[in-house]
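Residue numbers (the numbering used here): 1242 to 1545.
Beta carbons are placed, not taken as given, at the ideal position from N, Cα and C, and that holds for glycine.
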Ligand code: SF4
C-alpha cells in the first residue's frame, strides 16, 4: 500500500472533492443514463477494446436492435457476431460471450441479473472488472474498479506502486462505502479527461491537485506512461503555477518561489535555480512576469 494515501482526516476531502468535480461536469454517455444491468453490460463489453467515442454509435444500434436481455438471448448467435464485425468491435468472442451471458441470465436467473459482483462473474466473459462495473453502475453495489486509467491516477496522486494488489487495496480504501456508482464513474472520468497520459491538471480543474504527489513534484510518469509525458505539457503547468504562486504571495526571490512550485526544488539541483530562471524568463518574454535584481537577489513578480 502506498505510504502517501490520504489519512482519515484527508480522505473525506479527497472523496468529496472528486465527487463534486464529477457531478459538476462530465462526459455524457448513453450508458450513464441507465441503470439497466443489461445495457451497462453491453457498454462495458464494447468499451473493452474500442474508444468510448466510437462505442456510442455501436451501443445505440445494439440496444435498438436488442433492447432487452430476452431479445438478445432469443436471437441467433451468428446475428450478434455479424453485428460485432460490422461495427469493428474487436474480438468476435466477446459477442459470443455476451450472447451466452444473456442466455444464462434468462435460464439461470429468470431474466433478472444478479446484483452481486461475485455472482455476476458466473456470467460468460464477465471478469472481476466487468462484474464490479455492472454491479456499480446498475445496482450501486460494486467494488472499486481498477482499470488502466484508475491505476494511472492512483500511481500519480498517491504514489501507489505498480502492483495489482496494491492498486486494488488503494482503490478500495479510497471508495466511500455504498457509493460505488458515483465513485467509480468519477475516478474513471478523472483518468479519462484530466489525468490522461499527458495530464491536464489545471485546465481540467483536477480536484486532487492539493493532495497529488505528481502535481507537487512534476513527475507524471505512470505504469502506462514510463517516460515523462510531453515535456511542454508539464512545463506549461509549471508556468501556470509560477503565476499562481506570485499572485498569492506577491514578489518572491527565486529560492522562495522554487519550493512553492515544486516540492523537490533544490537550488543547485536539476529542478533548481537555473531551471526556474528559465521558466521565469519565458514568462517575462510573454509579458507576464518581471525578474529584477534586488540586493544581489533575483526577485520575480507579476507584471502589473
Ligand atoms: S493533479 Fe494532475 S497528475 Fe494529479 S491526479 Fe490530478 S490530473 Fe492526475
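Quick check: does the Cβ of residue 1380 come within less than 7 Å of any heavy atom belonging to the ligand SF4? The residue given as residue 1380 occupies position 139 in the chain shown. Exclusion of residue 1380 from the 7 Å shell around the ligand SF4 follows from its C-beta lying no nearer than that to any non-hydrogen atom of the ligand.
Decide if the stretch 1260-1267 is in contact with the stretch 1306-1314; the criterion is three or more beta carbon pairs, one per stretch, under 8 Å apart. Result no; under three Cβ-Cβ pairs closer than 8 Å.
I need the straight-line Cα distance from residue 1410 to residue 1289, nearest angstrom please. Here the question's residue 1410 lines up with position 169 in the chain shown. Here the question's residue 1289 lines up with position 48 in the chain shown. Rounded to whole angstroms, residue 1410 and residue 1289 show a C-alpha spacing of 23 Å.
From residue 1328 to residue 1492, what distance separates their C-alpha atoms? Residue numbering aside, residue 1328 sits at position 87 when the chain shown is read from its first letter. Residue numbering aside, residue 1492 sits at position 251 when the chain shown is read from its first letter. C-alpha separation (whole angstroms): 58 Å.
Between which two residues does the alpha helix (DSSP H) carrying residue 1310 extend? Taking the first residue of the chain shown as 1, we reach residue 1310 at position 69. Per DSSP, the continuous alpha helix (DSSP H) segment holding residue 1310 begins and ends at 1310-1315.
How far does the beta strand (DSSP E) with residue 1503 in it reach, from first residue to last? For the purposes of this step, residue 1503 is taken as the residue at position 262 of the chain shown. If you look at residue 1503, you'll find it isn't in any beta strand (DSSP E); DSSP assigns it neither H nor E.
Cut-off 7 Å between Cβ atoms - residues of its own chain near residue 1547, not counting five sequence neighbours on either side: No statement about residue 1547 is possible, as the shown extent of the chain runs from 1242 to 1545 and does not include it.
Which residue from 1526, 1521, 1545 and 1527 puts its Cα closest to that of residue 1539? Taking the chain shown and counting its residues from 1, one reaches residue 1539 at position 298. Looking at the Cα atoms, 1521 is the closest of the given residues.
In terms of alpha-carbon separation, which member of 1440, 1256, 1532 and 1325 lies closest to residue 1479? Residue 1479 sits at position 238 when you count from the first residue of the chain shown. The residue from 1440, 1256, 1532 and 1325 with its alpha-carbon nearest to that of residue 1479 is 1440.
Out of 1364, 1298, 1529 and 1267, which one is the CA nearest neighbour of residue 1310? As a position in the chain shown, residue 1310 is number 69, starting the count at 1. Looking at the Cα atoms, 1364 is the closest of the given residues.
Is it a yes or a no for the stretch 1245-1258 touching the stretch 1334-1343, going by three-plus beta-carbon pairs under 8 Å? Contact fails: fewer than three Cβ-Cβ distances are below 8 Å.
Tell me which same chain residues have a C-beta within less than 6 Å of the C-beta of residue 1377, skipping the five on either side of it? Position 136 of the chain shown holds residue 1377. Excluding positions up to five away in sequence, the list reads 1383, 1421, 1422 and 1425.
What's the C-alpha gap between residue 1246 and residue 1448? To locate residue 1246, count along the chain shown from 1; it is residue 5. To locate residue 1448, count along the chain shown from 1; it is residue 207. About 15 Å.
Would you list, in sequence order, the uninterrupted alpha helix (DSSP H) runs of no fewer than 4 residues that lie entirely inside the stretch 1316-1364? With a minimum length of 4 residues, the continuous alpha helix (DSSP H) runs that stay inside the stretch 1316-1364 are 1318-1327, 1333-1350 and 1358-1361.
Contact shell at 5 Å, judged by CB to any heavy atom of the ligand SF4, ordered along the chain: Result (chain order): 1397, 1398, 1435, 1436, 1440, 1442, 1447, 1449, 1450, 1453, 1455 and 1456.
In this structure, what does DSSP give as the bridge partners for residue 1478? The sequence position of residue 1478 within the chain shown is 237, counting from 1. Answer is none; residue 1478 lacks a bridge partner.
Could you tell me the alpha carbon to alpha carbon distance between residue 1428 and residue 1534, rounded to whole angstroms? Numbered from its first residue, the chain shown carries residue 1428 at position 187. Numbered from its first residue, the chain shown carries residue 1534 at position 293. If I take the Cα positions, the gap works out to 45 Å.
For residue 1533, name the three-state secondary structure that DSSP assigns. Locating residue 1533 in the chain shown gives position 292, where the first residue counts as 1. Three-state DSSP puts residue 1533 in a strand.
Am I right that residue 1394 and residue 1419 are in contact with their C-beta atoms under 8 Å? What's the rounded C-beta distance? As a position in the chain shown, residue 1394 is number 153, starting the count at 1. As a position in the chain shown, residue 1419 is number 178, starting the count at 1. Incorrect: roughly 21 Å between the Cβ atoms, too far for contact.
Own chain partners of residue 1326 with C-beta closer than 7 Å, once the 5 adjacent residues on each side are dropped: By 1-based counting over the chain shown, the position of residue 1326 is 85. Closer than 7 Å at the Cβ level, and outside the excluded window around residue 1326, lie 1333.
Under the assumption that residue 1356 contacts residue 1380 (Cβ atoms under 8 Å), give the Cβ distance between them as a whole number of angstroms. Here the question's residue 1356 lines up with position 115 in the chain shown. Here the question's residue 1380 lines up with position 139 in the chain shown. The pair is a contact, with the Cβ atoms about 4 Å apart (cut-off 8 Å).
Beta carbon of residue 1373 nearer than 8 Å to that of residue 1386: Position 132 of the chain shown, counted from the start, is the residue given in the question as residue 1373. Position 145 of the chain shown, counted from the start, is the residue given in the question as residue 1386. Yes, the Cβ-Cβ distance between residue 1373 and residue 1386 is below 8 Å.
Strictly by DSSP, which residues pair up with residue 1543? Counting from one through the chain shown, the residue named residue 1543 turns up at place 302. BP columns for residue 1543 point to 1530.
Completely contained beta strand (DSSP E) runs for the stretch 1364-1425, where each covers 3 or more residues: Counting whole runs of 3 or more residues, the stretch 1364-1425 contains no beta strand (DSSP E) stretch at all.
Do the stretch 1481-1492 and the stretch 1501-1515 touch if we need at least three Cβ pairs shorter than 8 Å? The stretch 1501-1515 and the stretch 1481-1492 touch, with three or more beta-carbon pairs separated by less than 8 Å.
For residue 1507, I'd like the list of residues in its chain whose CB is within less than 7 Å of its CB, leaving aside the five on either flank, ordered along the chain. Taking the first residue of the chain shown as 1, we reach residue 1507 at position 266. Closer than 7 Å at Cβ, skipping near neighbours: 1513.
To which residues does DSSP link residue 1495 through a beta bridge? Here residue 1495 refers to the residue found at position 254 when the chain shown is read from its first residue. Per DSSP, none; premise fails for residue 1495.
Compare the C-alpha of residue 1371 against each of 1438, 1282, 1537 and 1468 and name the closest. In the chain shown, the residue the question calls residue 1371 occupies position 130. Scanning 1438, 1282, 1537 and 1468 for the CA closest to the CA of residue 1371 turns up 1282.
Between residue 1528 and residue 1544, how many whole angstroms is the CB-CB distance? I'm expecting something under 8 Å. Here residue 1528 corresponds to residue number 287 of the chain shown, with the count starting at 1. Here residue 1544 corresponds to residue number 303 of the chain shown, with the count starting at 1. Sure, about 6 Å apart at Cβ, within 8 Å.
In terms of alpha-carbon separation, which member of 1248, 1399 and 1541 lies closest to residue 1496? The residue labelled residue 1496 in the question sits at position 255 within the chain shown. The option with the nearest alpha carbon to residue 1496 is 1541.
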